[in-house]
Amino acid sequence: MAKVGSLKLWLILAAAVIIFLPPFAKYQELKYKNKKLEEKIIALKEESRCLAEEKNKLETDINYVEKTARERIGVVRKGEIVIKGTQVRKK
0 MAKVGSLKLW
10 LILAAAVIIF
20 LPPFAKYQEL
30 KYKNKKLEEK
40 IIALKEESRC
50 LAEEKNKLET
60 DINYVEKTAR
70 ERIGVVRKGE
80 IVIKGTQVRK
90 K
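Under numbering that gives the first Met the number 0, think of the first position of the sequence shown as 0, with each following residue one higher.
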């Protein structure tokens, strides 16, 4: 009789595992995806903040505009001479 009760207990435990394990695994997967999305949101908010800061500088700071134009598109002032660096190759 004890063996029958023990067998029933094991069957109940096995059924519980079969019923509850897939939803728990799905929960863990969704929890992981949520964490990754939250990290992405934080990164995008930081990028947005940096872009807003740069936009503000471009709208208000003439020195920043000049520096940016020189660096990005090679703007020079009238009368300036542009000297381009050369690469030296070693043999």
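Note that the Cβ used here is the ideal one computed from N, Cα and C, for glycine as well. Treat the numbers as computed from the prediction; the structure is a model and nothing was measured.
In this structure, Lys56 sits near Val64, with a CB-CB distance shorter than 9 Å. In the structure shown, the three-state DSSP call for Gly78 is coil.
For Thr59 and Leu20, the gap between their C-alpha atoms comes out near 59 Å.
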